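Here the structure comes first, spelled out in structure tokens, and everything after it is commentary.
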Amino acid sequence: MADGGNSRIVGNEFRLNETAQTDIMVSLNAVSYTNVSGNYFFSGRTSGVTAVKVTSASYSVVNGNTMSLAGGTAIDCTSSNMVIVSNNAINMASGTGSIGIVLTSASWMQVNNNRLINLETGMTAVNTAQMDNLMIDNNAISNCKQIGINLQGCTYSSVCGNMVTNPGSQTANTYPAILLTSTGTAYSIYNKVADNTIKSTVTNKHSYGIRENSANDGPNIITGNVALNAATAQISTQNTSSIVANNLTA
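Letter by letter, the sequence shown follows residues 17 to 266 of my numbering.
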């Protein structure tokens, strides 16, 4: 919906019913310096919908939006540098394979102070691939059926101060709350995972609180976290040079 840079999409209401053909509600494609703020997004479709799609649109802000979606993806940022995703309220009630926030192949992005709630089957709250210098800080993620925060092939990034409640409840002892893993070719190294709080009060517990998926996913620093209630282990590192210190586990 935006073709030029230096644009503002502010204070609008976007609605899709179950039969709407539109797949993307707001699209920023090859634009920069765009502000998407204070909008309301609603969709009754259980798949195939993206509320905000940011492609090659650097120096943009997605802030303070309310998103109530039956499925699909709330915010998808691809090949975009220096984008800030903050203070969004995302409620995704159902939809197999749906993801709250997707960040792919970009650098210097900030994801902070978002609230992601009631994520249902097949949903990953924050899914990143081939990122560097990414900040995922102070987000609240609750009732995510699979992985809470998924770092895939990320380097020099921080995951700090997040609250992750009831992750991995789709299948017991299967999904970690925070995962550092590879894309198949790029590994997650030189990251800091600190001061996060992870807990579960549901029957199906997450497998790990914080997990390095392989010995190549590291070294990383994992410190100051409160990691509780995991079925297998609260913190699991595979790289022998990773630093694990001052975490509270039970």
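For glycine and all other residues, C-beta sits at the position ideal for the given N, C-alpha and C.
Note that the coordinates shown come from a computational prediction; the quantities given were computed from them, not determined experimentally.
Local conformation of residue i per DSSP, three classes
i              : result
serine 121     : coil
asparagine 263 : coil
methionine 83  : strand
methionine 17  : Low local confidence applies: a pLDDT of 49 at methionine 17 is under 50, so the model's placement there is unreliable, and no value is given.
isoleucine 25  : strand
glutamine 254  : coil
threonine 137  : Since pLDDT at threonine 137 reaches only 44, below the 50 mark, its modelled position is unreliable, and the value read off the structure follows with that caveat. DSSP places threonine 137 in coil when its eight states are reduced to three.
leucine 44     : strand
alanine 249    : strand
tyrosine 75    : coil
threonine 66   : strand
alanine 145    : strand
methionine 98  : coil
glycine 88     : coil
tyrosine 56    : strand
asparagine 33  : coil
asparagine 129 : coil
asparagine 104 : coil
Cβ-Cβ distance between residue i and residue j below 8 Å
i              : j                : result
alanine 109    : alanine 73       : no
isoleucine 234 : alanine 210      : The sequence shown places glycine at residue 234, rather than the isoleucine named in the question. Not closer than 8 Å, so no.
lysine 221     : asparagine 236   : no
asparagine 81  : phenylalanine 57 : yes
valine 118     : asparagine 155   : no
glycine 169    : tyrosine 203     : yes
asparagine 232 : serine 258       : no
serine 53      : valine 26        : yes
isoleucine 226 : threonine 171    : no
serine 102     : asparagine 130   : yes
proline 192    : isoleucine 163   : yes
glutamate 228  : glutamine 254    : yes
Which listed residue (the options) has its alpha carbon closest to that of residue i
i              : options                           : result
alanine 261    : Lys208, Leu167 and Ser43          : Lys208
methionine 98  : Arg24, Thr187 and Asn51           : Asn51
serine 96      : Met125, Ser102, Ser43 and Asn104  : Met125
alanine 46     : Ser63, Gly88 and Ser23            : Ser23
alanine 188    : Arg227, Asn159, Gly177 and Thr219 : Thr219
asparagine 263 : Glu228, Asn212 and Tyr56          : Asn212
leucine 195    : Ser173, Ile165 and Thr217         : Ile165
glutamine 186  : Ile25, Ser59, Ala122 and Asn134   : Asn134
alanine 266    : Ala247, Ser258, Ser123 and Ala231 : Ala247
cysteine 160   : Ser121, Ile214 and Asn128         : Ile214
leucine 44     : Val78, Phe58, Arg61 and Gly116    : Val78
valine 68      : Gly88, Asn33, Thr62 and Ala249    : Gly88
cysteine 269   : Glu228, Asn103, Ile106 and Thr66  : Look at the range of the chain in this structure, 17 to 266, and you will see that residue 269 is not part of it.
glycine 60     : Met83, Ile163 and Asn255          : Met83
glycine 116    : Gly200, Asp39 and Ala105          : Ala105
alanine 243    : Ser230, Asn103, Val101 and Ser216 : Ser216
glycine 200    : Ser230, Arg131, Val175 and Val42  : Ser230
threonine 62   : Ser174, Glu29, Asn55 and Ala90    : Ala90
alanine 122    : Asn130, Thr253 and Met151         : Met151
threonine 71   : Asn28, Leu32, Thr120 and Asn33    : Thr120
serine 158     : Asn107, Met41, Gly177 and Arg31   : Asn107
asparagine 178 : Asp153, Asp39 and Asn33           : Asp153
Q. Three or more beta-carbon pairs under 8 Å between the segment 143-151 and the segment 178-196, yes or no?
A. no
Q. Where in the segment 151-199 do unbroken runs of the beta strand (DSSP E), each at least 3 residues long, occur, reported from the N-terminal end onward?
A. 151-153, 156-158, 165-168, 174-176, 179-181 and 194-197
Q. If you scan the segment 193-242 from start to end, which runs of the beta strand (DSSP E) of 3 or more residues do you find wholly inside it?
A. 194-197, 208-210, 213-215, 224-228 and 237-239
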